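In this note's numbering, the protein residues as written are 2 to 52.
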């Protein structure tokens, strides 16, 4: 229960951070930013033992 709550909070924070990135109309980096956020989430989840 606590792990799911943490996971949701962490994902919410990542979404907020991703929204802070400047959006370039010519070459959007949203996909790269998303993959980077996902990688950070996986690392954080592994450290805390959340699958």
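Here a beta-carbon is modelled for each residue, glycine too, at the ideal position from N, C-alpha and C.
From a predicted model like this one, the values you see are computed outputs, not experimental measurements.
With a contact defined as Cβ atoms closer than 8 Å, residue 40 and residue 8 miss out at about 15 Å. Per DSSP, reduced to three states, the secondary structure at residue 50 is coil, with no helix or strand assignment. Cβ-Cβ separation between residue 12 and residue 42: approximately 7 Å, consistent with a contact (criterion under 8 Å).
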